[in-house]
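Quick note on the working numbering: the sequence shown kicks off at 4 and runs consecutively. Ideal Cβ placement from N, Cα and C applies to all residues, glycine included.
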Amino acid sequence: MHEARQYRKNDDGSVTCSLCNHRCTIKDGKHGICGVRGNSHGTLFAETYGRISAEAIDPIEKKPLFHYLPGTLSYSLGGIGCNFHCEHCQNWHISRATLAGARLRDLPPEEGVRRAVAGGCASISWTYNEPTIWHEYALDMGTLAKKRGLGTIYVTNGYITDEALKELAPMLGAFRVDIKSFSDDFYKKVCRARLQPVLDSAVLARELGMHIETVTLVIPGLNDSMDEISALIRWVIEYLGPATPMHFSAFHPDYKMTDRPATPPAVLEKIYKRAKELGLRYPYTGNVWIPQYENTYCPSCGSTLIERRGFASRFVDLDGQQCRKCGETIEVVRHVP
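So this is what it looks like as structure tokens:
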């Protein structure tokens, strides 16, 4: 087994994990909330290091990331476990899987990078389940990936601690973070977590130079009030910047939340227009067919810069990082630094 990073040993044989903001104190023979970091005789082990449950080559737009290496492919990996227990999880079959019951296969970091390059991918994404709890594996693979000129992406719930995020900073290029609600009560009831650590990690990721995009799954009756959505948009504009792409996606009943209807497209249209009114440069909708709200437009002249159909992208009036029509600088990462 692979010894974990980001923890301390306690005098009573327990360990305290400092990887995510649950900061679990774990007794000998037990696991943290994530289910994959276990204490064996006073040493914390990352029990899914180098073990994957899912592997695919995806369009980067599927993450969704619209302003980081748009139009490219991303080599995508998932493991098992999660530090959230969301009632509406769409990947519950791996996020709630146990070490005993999961079907995992080995993939060393070096082989992951080789497959990404061989597959014509511009980046590696740790996704499908929460990558924070895969810290050591992602860190090792990402360090190798960066040396090969690949982008690196966390598709994350943002519950990572400051110290763990700072350790990733030299290798991590994009932080695609879910802000599931702008209500701490929602986080406590639905995710068994808290809001503020998510906001704090997003701010820190920006300060560390990572590309940030946010996703909010809009759930009828839970987080879809315009007052709450407007407050979230204002917060992003103030603390992450008005050029931060925000994705507002439609909810579909799943897992333990099948008592609510899918999000009406009209609700997402209203949110999109509200985001524009508040000064957000790049709002988007997702999980529904409203193609005009998935395109990237110049915030100055309104020209279509990138046209999207599903996960396919077509560059129209984007020349490098400038609008071809008016010369406006567009906040988009076209190449890995």
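To the nearest angstrom, how far is it from the Cα of P340 to the Cα of K150? Counted from its first residue, the sequence shown places residue 340 at position 337. Counted from its first residue, the sequence shown places residue 150 at position 147. Between P340 and K150, the C-alpha separation is close to 11 Å.
Short Cβ contact (9 Å threshold) for A394 with N86: Lying before the first or after the last residue shown, residue 394 is absent from the chain, which here runs from 4 to 340.
Which stretch, first to last residue, makes up the beta strand (DSSP E) that contains L47? Start at 1 with the first residue of the sequence shown, and residue 47 comes out as number 44. That run of the beta strand (DSSP E) goes T46 to A49.
Between the C-alpha atoms of T101 and D262, what's the straight-line distance to the nearest angstrom? Residue mapping note: residue 101 aligns to position 98 of the sequence shown, counting from 1. Residue mapping note: residue 262 aligns to position 259 of the sequence shown, counting from 1. Cα to Cα, the separation comes out at about 26 Å.
Do the region 161 to 171 and the region 108 to 122 meet, that is, are 3 or more Cβ pairs less than 8 Å apart? no
Does DSSP classify H25 as helix, strand or coil? Against the sequence shown, residue 25 aligns to sequence position 22. DSSP places H25 in coil when its eight states are reduced to three.
Contact set for E231: own chain, Cβ-Cβ below 8 Å, skip 5 residues either direction: Taking the first residue of the sequence shown as 1, we reach residue 231 at position 228. These residues qualify, in order along the chain: S184, F185 and S186.
With 16 other CB atoms within 10 Å as the buried threshold, where does S98 fall? As a working mapping, residue 98 is identified with position 95 in the sequence shown. With 16 or more Cβ atoms within 10 Å of its Cβ, S98 is classed as buried.
Within a Cβ cutoff of 6 Å, which residues of the same chain sit near H250, ignoring the five residues on either side of it in sequence? Within the sequence shown, numbered from 1, the residue matching residue 250 stands at position 247. Around H250: P67, V218, Y287 and G289.
Assess, as a yes-or-no matter, whether the region 308 to 328 is touched by the region 80 to 95 under the definition of 3 or more beta carbon pairs within less than 8 Å. no
Identified DSSP bridge partners for R311: Taking the sequence shown and counting its residues from 1, the one referred to as residue 311 is at position 308. Its beta-bridge partners are S316.
So within the region 46 to 129, which uninterrupted beta strand (DSSP E) runs reach at least 3 residues, ignoring any that extend past its ends? 46 to 49, 57 to 62, 76 to 81 and 126 to 129
Since M229 is in the alpha helix (DSSP H), which residue starts that stretch and which ends it? Within the sequence shown, residue 229 is the residue found at index 226, counting from 1. Here the alpha helix (DSSP H) through M229 covers M229 to Y242.
My output table needs one value for T146: the three-state DSSP class, helix, strand or coil. Translated into positions along the sequence shown, residue 146 becomes position 143. It is helical.
In three-state DSSP terms, what is D188? Within the sequence shown, the letter at position 185 stands for residue 188. Note: D188 maps to helix in three-state DSSP.
Where Y275 falls: helix, strand or coil (DSSP): Within the sequence shown, numbered from 1, the residue matching residue 275 stands at position 272. Y275 falls in the helix class under three-state DSSP.
Own chain residues within Cβ distance below 7 Å of V291, not counting five before or after: What you label residue 291 is simply residue 288 of the sequence shown in a count that begins at 1. So the list reads A253, P268 and L271, once near-sequence residues are dropped.
Span separating the alpha-carbon of S17 from that of H214: Here residue 17 corresponds to residue number 14 of the sequence shown, with the count starting at 1. Here residue 214 corresponds to residue number 211 of the sequence shown, with the count starting at 1. Approximately 37 Å between the Cα atoms of the pair.
If I measure Cβ to Cβ from Q93 and keep anything under 6 Å in the same chain, skipping five residues before and after, which residues do I get? To locate residue 93, count along the sequence shown from 1; it is residue 90. Excluding sequence neighbours, Q93 sits near D257.
May I ask you to report which of helix, strand or coil DSSP gives H250? Position 247 of the sequence shown holds residue 250. In the structure shown, H250 sits in a strand (DSSP, three-state: E or B).
If you count every other CB in all the chains shown that lies within 10 Å of the CB of G45, and 16 or more means buried, which is it? Position 42 of the sequence shown, counting from 1, holds the residue named residue 45. Its Cβ having fewer than 16 others within 10 Å, G45 is exposed.
Whose C-alpha, out of A208, T51 and S77, is nearest the C-alpha of A59? By 1-based counting over the sequence shown, the position of residue 59 is 56. For the residues A208, T51 and S77, the minimum Cα distance to A59 belongs to S77.
Output needed for L308: all residues of its chain with C-beta closer than 7 Å, excluding positions within five of it in sequence on either side, in chain order. For the purposes of this step, residue 308 is taken as residue 305 along the sequence shown, with counting starting at 1. Excluding sequence neighbours, L308 sits near T299, Y300, C301, V319, D320, L321, C326 and I333.
May I ask which residues mark the beginning and end of the beta strand (DSSP E) holding L153? For the purposes of this step, residue 153 is taken as residue 150 along the sequence shown, with counting starting at 1. Element bounds for L153: n/a, residue is neither H nor E.
Burial state of A148 (16 or more Cβ within 10 Å): One-based indexing of the sequence shown puts residue 148 at position 145. It is buried - the Cβ of A148 has at least 16 other Cβ atoms within 10 Å.
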